[in-house]
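Using full-length UniProt numbering, you'd call the opening residue of the sequence shown number 1 and step up by one each time. C-beta atoms are modelled at their ideal positions from N, C-alpha and C, and glycine is treated no differently. The structure under discussion appears below in the form of structure tokens.
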Amino acid sequence: MEDTRWLSDEEQRTWRSFLTASRLLWDRVERQLQQGAGLPHAYYEILARLSEAPDRTLRMSQLASTSLSSRSRLSHAVARLEEAGYVQRRPCPSDRRGQLASLTEAGMERLREAAPGHVEEVRELLFDRLTPEQQAALREISDVLTAHLSPQPLWPAAVDSAADE
């Protein structure tokens with residue numbers, strides 16, 4: 001392994017710090033959504049993405065790619081949300097093979113109920129701990145990593161929703 005570019009001590013500390021913070025943050029946000037709203041984060045994210053889409057509707061393939069889920073995993077989640085009355089699926093009129101997922105009024109209401117606790121948890125765990133400068137640096141770093149790792153934007157650039165992620 002002569003060509004391996006090993007991490008320096010400083011890089012190793014940065015990597016481990018990033019992993020630890022990411023995992024702890026994710027676990028706490030997931031736990032809050034499960035306990036406070038009875039929703040896994042994946043379901044909340046689907047509801048949030050649909051709420052921000054034009055007519056609260058997205059193609060299933062677009063929903064899968066932007067939520068970083070496999071199509072089968074997304075299909076299962078949407079089926080569960082459909083059973084609960086939060087999402088409705090229908091054939092895509094412009095492409096017989098495609099399907100559309102739409103947020104129902106019940107789904108929008110469920111999102112409105114879940115969002116305050118979720119947003120408060122995100123604020124408490126992340127934003128209240130960082131200065132505005134640190135928030136800007138975190139966003140910039142995250143944008144650089146996302147642009148490198150994903151060929152397409154995963155969230156709209158500007159979000160005005162109360163169910164912001």
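{"Check": "CB contact flag (residue 74, residue 64, <7 Å)", "Outcome": "yes"}
{"Check": "Three-state secondary structure (DSSP) of residue 61", "Outcome": "helix"}
{"Check": "Straight-line gap, residue 148 to residue 88 (C-alpha atoms, nearest Å)", "Outcome": "34 Å"}
{"Check": "Exposed unless 16 or more other CB atoms sit within 10 angstroms - verdict on residue 76", "Outcome": "exposed"}
{"Check": "Per-residue DSSP class, three states only, for residue 89", "Outcome": "strand"}
{"Check": "Whether residue 56 touches residue 94 by CB criterion (7 Å)", "Outcome": "no"}
{"Check": "Presumed contact (8 Å Cβ cut-off) between residue 86 and residue 117, rounded CB distance", "Outcome": "Wrong, their Cβ atoms sit about 17 Å apart, outside the cutoff."}
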